[in-house]
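Read the structure below first, then the notes.
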Amino acid sequence: MTSHEERFQALIDSEEKIESTDWMPDGYRATLIRQIAQHAHSEVIGMQPEGNWITRAPSLDRKAILMAKVQDEAGHGLYLYSATETLGVTRDEVVELLHQGKHKYSSIFNYPTLSWADMGTIGWLVDGAAITNQVMLTRCSYGPYSRAMVRICKEESFHQRQGYEILLALCRGTDEQKAMAQDSVNRWWWPSLMMFGPHDSASTHSEQSMNWKIKRVSNDDLRQQFVDMTVPQADYLGLTLPDPDLQWNEERGHYDFGSIDWDEFWQVVKGNGPMNRERLSHKIKAWDDGAWVREAAAAHAAKQARKKEVA
Amino acid sequence: MTESAIFSGGPQGMPIPTPDPHFAYVLRHADDNLVAAQRYGEWISYGPELEEDIALGNIGLDHLGQARSLLAHAASLEGRGRTENDLAMMRDERDFTNLLLIEQPNGDFAHTMARALFFDAYQVGLWQALSDSTDATLAGIAAKALKEARYHLRHSSGWLVRLGDGTEESHERSQRAVDALWPYTSEPFQPDAVDLAAAEAGLGPDPSSLESEWRSRVSAVLGEATLDVPTDPYRRHGGRSGFHSEHLGHLLTELQWVARRYPGLKW
Ligand SMILES: [Fe+2]
Ligand SMILES: [Fe+2]
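If you want it as structure tokens, here you go:
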């Protein structure tokens, strides 16, 4: 080990944060760029499935809450792109990688939102799973990422609550409303569990990330935490989670649950989920349609700068 | 108080009285903002950059907040037990009295910004005047909304200047947008019976008194944007009497369908 590496490892070992100005191994930097950028892409692509219901929200109060939530997600995207930029890449560069399909985003957003209840379920399960992961990331060794997570987690818990409240209203409503909630949870439950990634045994990058303290808890442990937290909440709603194997295991002190359909998981990761193509083409279209606007803003700014010079 | 007060506070289920001008007056401004919010909501995730998604969302939320306050106020003036949501979701196209300008489709970004400039410049003058309304609730809503409208106007005029002055393409698109929307810019200043009754009662300004300031605000921005002020004399009115363009029905279809599919439910 070089003296650089020793110092870096010593910082990591003593739970100190690595800052953008510190020396870091190339692999650490590359891992973080990819992870934080993909996290940012997920926030931004995640605006689509929920944006899909803004104009159709059933009441004005729900519409206001949903609009504010989707806007928060855009804000999360911005913070995270800024955190990426501390590592020496630009937002445009990583967005381009997304558009080229070289960067991914959370697979959960490749499922369609088919009823108003999906706004509830996404808040409850998807933001809930995101929080489980992000609470861990507040302890990440990279300072800018961990600080962004602290800020984002506060908003995410509001997101989860508003989602749960949507479902609560449906479950206390008519049979039709309750059926809408149940159908939604049936569709989102398994994809939510997939959000934590492959089994620890199949997860190729996990070990290095754990050593670098980018990741602090394994995929399977996070998934278990999420299941343990969520089952009582589903009971309170009076909804059934679509897993016949789900049951409390006294001995383990955890819920046991059935096995995930890993074929589906890999299909969606590879781009063959129900909405992969739509999500990406929507994103690219918005970007391309906005090109003339961004060019105009740049041209105007340049003209203003020239005027200043002359003056 | 106006004559209108006679009709407020009646028990639920009574036959609908002649529309109370006070109620109608508050409702038209609520409708402007509700329709504006819906149009901004359509932009989310389609913005030219992430910052703009956030800005358009913010502005939409402001209009939605204004709409909700005004609808709640209108509902209480009416006193028939209807709520903010009943007024938003259960009225038909012909019952909406928003301006034609604000129901026009988003079009490209230049279109949305030109529409916003025209509307924001109107609202700044309107809220300013309504801050002195004899209706204290309305005055309170207006005072808060005025701050928001000033920010909206800064945003839309800033963009129109950038777009007008930017590139050849952005200049052309902006001029096209300004020309297309121009026919809808005299309606806001055309008083009808409801406006005149409101002015009489000190509820709000005579809309025609807002026009010259609007004109100078808008001309200044168009000038800085190197855009021409249109000379086309064609004008389109009708929103205030529910004689809309065909666009509103589609906007309302989206806004209202869940609420109408499951009437009377809580969400
Ligand atoms: Fe988020
Ligand atoms: Fe969220």
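Protein chains in written order, with this note's numbering: chain L, 1 to 311; chain H, 1001 to 1267.
Glycine is no exception: its CB is placed at the ideal position from the N, C-alpha and C atoms.
Computed from a prediction, not measured in an experiment: that's the story for all the values here.
Item                                                                                                                                                                                  : Value
Ligand 4 and E43/L: does any heavy atom of the ligand fall closer than 6 Å to the residue's C-beta?                                                                                   : As far as ligands go, the structure on display features ligand 1 and ligand 2 and does not contain ligand 4.
So is the beta-carbon of E156/L under 6 Å away from any non-hydrogen atom of ligand 2?                                                                                                : yes
Whole-angstrom Cβ separation of V185/L and L239/L, contact assumed at under 8 Å?                                                                                                      : 5 Å
Indicate the three-state DSSP secondary structure (helix, strand or coil) for W1338/H in the structure shown.                                                                         : The structure shown has nothing for residue 1338/H, since chain H only spans 1001 to 1267.
Might you give, ordered along the chain, the residues of its own chain that have their beta carbon closer than 6 Å to the beta carbon of D183/L, omitting 5 neighbours on each side?  : none
CB of H39/L to nearest heavy atom of ligand 1: below 6 Å?                                                                                                                             : no
Counting only C-beta atoms, is A286/L closer than 7 Å to chain H at any point?                                                                                                        : yes
Would you mind telling me which residues of chain L sit closer than 7 Å to D1165/H, beta carbon to beta carbon, in chain order?                                                       : H300 and K303
Across the stretch 1143-1153 of chain H and the stretch 1202-1212 of chain H, are there enough close Cβ pairs to call them in contact, namely three or more that are closer than 8 Å? : no
Which of helix, strand or coil does DSSP assign to N52/L?                                                                                                                             : coil
Along the alpha helix (DSSP H) that carries W262/L, what are the first and last residues, could you check?                                                                            : W262 to Q267
Taking 6 Å as the line, does the beta carbon of E73/L fall inside it for any heavy atom of ligand 1?                                                                                  : yes
Can you confirm whether L60/L, when its beta carbon is compared against all beta carbons of chain H, has any partner nearer than 7 Å?                                                 : yes
Looking at the C-beta of A1024/H, does it have a partner C-beta in chain L at a distance below 7 Å?                                                                                   : no
Please find out if some non-hydrogen atom of ligand 2 comes closer than 6 Å to the beta-carbon of D127/L.                                                                             : yes
Quick one: what's got a C-beta closer than 8 Å to P25/L's C-beta in the same chain, skipping five residues either side?                                                               : E5 and F8
Suppose you measure from the CA of L1255/H to the CA of L1034/H; what does that come to, to the nearest Å?                                                                            : 10 Å
In terms of residues, what are the limits of the beta strand (DSSP E) holding W248/L?                                                                                                 : Q247 to N249
Could you pull out every unbroken beta strand (DSSP E) segment of at least 3 residues lying fully inside the stretch 4-55 of chain L, listed in chain order?                          : none
Which two residues bound the contiguous alpha helix (DSSP H) that contains Y236/L?                                                                                                    : N219 to L237
Applying a beta-carbon distance threshold of less than 7 Å, which residues of chain H neighbour I54/L?                                                                                : G1041 and I1044
When the cut-off is 7 Å and only beta carbons count, does L237/L lie next to chain H?                                                                                                 : no
Identify the continuous beta strand (DSSP E) that holds Y255/L and give its terminal residues.                                                                                        : H254 to D256
Could you give the C-beta distance for P58/L and A1259/H, rounded to a whole number, given that I count them as a contact under 8 Å?                                                  : 5 Å
Which residue comes first and which comes last in the alpha helix (DSSP H) that contains D241/L?                                                                                      : In the sequence as displayed, the identity of residue 241/L is Leu instead of Asp. Careful: L241/L lies outside any alpha helix (DSSP H) and carries neither H nor E.
Work out the CA separation of V1218/H and M229/L for me, nearest whole Å.                                                                                                             : 56 Å
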